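Engineer:
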Amino acid sequence: MGHALQPFLRLLLEMVLLQPLDSELTLVAGGALFALLCCYREHFEQLGQALVSSQADAEVGQRLAQALATLTRAQPLSLDRPSRLRFRDAFEAFVTDVRGFLCVK
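Just so we're aligned: the sequence shown equals residues -23 to -1, 1 to 82 in mature numbering (1 follows the signal peptide of the UniProt record, and there is no 0).
1) If you compare alpha carbons, which of Q(-5), A12, Q32 and L(-11) is closest to L62?
2) I need the boundaries of the alpha helix (DSSP H) containing A70, first residue and last residue.
3) Where does M(-23) fall in DSSP's three states?
4) At what residues does the alpha helix (DSSP H) containing P(-17) begin and finish?
5) In three-state DSSP terms, what is A33?
6) Report buried or exposed for M(-23), applying the criterion of at least 16 other Cβ atoms within 10 angstroms of its Cβ.
7) Going by CA-CA distance only, name the one from F(-16), H(-21) and D(-2) that's closest to E69.
8) Taking C-beta to C-beta, are A44 and F71 nearer than 8 Å?
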């Protein structure tokens, strides 16, 4: 059971960044992503690296890498309320920023 939920990390990340999603659902997805991130931080970092390396434009990849680092670096990853609230705010900024340059065609 240790890794049973791990695939949902990728699904949530892709859904939030690459699919049209209502802002209320984005907040709910962010809460779920935070819980999964607390459990699977290394896997999240691997997913982030894979997403960065899959970008055809090096500048977009660099911006994405910086946004991912900003999302996770200042956060102590514990499930207490202050950590969840800090992550929620950081996640909203992250989604707004990343969707702005990832979804431009």
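Virtual Cβ for every residue (Gly too), placed ideally from N, Cα, C. Quick caveat, the model's predicted, so the values are computed rather than measured.
Structural biologist: Concretely, from the data shown:
1) A12
2) R58 to L79
3) Legend: pLDDT at M(-23) = 47, less than 50; position of this residue unreliable, value from coordinates given subsequently. In the structure shown, M(-23) sits in coil (DSSP, three-state: anything other than H, G, I, E or B).
4) Q(-18) to L(-6)
5) coil
6) Its pLDDT being 47, under 50, M(-23) is placed unreliably in this model, and the value from its coordinates should be taken loosely. Exposed is the call here.
7) D(-2)
8) yes
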